[in-house]
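A short worksheet on the structure shown next.
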Amino acid sequence: FLWCVFFFTDKCKDLVHPQRKTCKDLTASIARECVLLKCQGTCKDLYGAELKASWCYNPVPYYWHCRCRVCW
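Under our numbering, read the sequence shown as residues 297 to 368, first letter to last.
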């Protein structure tokens, strides 16, 4: 299966934003742990105004993904 790995990839599923913006869920980092506050900070630093949400996701045991939803 395909993952959105690291910052910019076309394998991410496009989402439709209510204001007709394009949104993607991107992976900012992959590590053994994910602290939500650090994840939020990383996403904010990377995407600034385009950032809509951030969360920690554990698709594979022992590897946490920090995910960012960005819309433009």
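Note that beta-carbon positions come from the ideal geometry of N, C-alpha and C, so glycine has one too.
Cβ neighbours of residue i in the same chain (closer than 8 Å, five flanking residues each side left out)
{"i": "W360", "result": "I326, A327, R328, E329, C330, C352, Y353, N354"}
{"i": "Y358", "result": "R328"}
Residue burial classification, residue i (beta-carbon count within 10 angstroms, cutoff 16)
{"i": "L333", "result": "exposed"}
Sequence-distant residues of the same chain with beta carbon closer than 7 Å to residue i, five excluded per side
{"i": "V366", "result": "C319, K320, L322, Y343, E346, L347, K348"}
{"i": "W368", "result": "K317, T318, E346"}
Cα-Cα separation, residue i to residue j
{"i": "G337", "j": "S350", "result": "9 Å"}
6 Å Cβ shell around residue i - same chain, five flanking residues per side excluded
{"i": "C339", "result": "A324, L347, S350, C364"}
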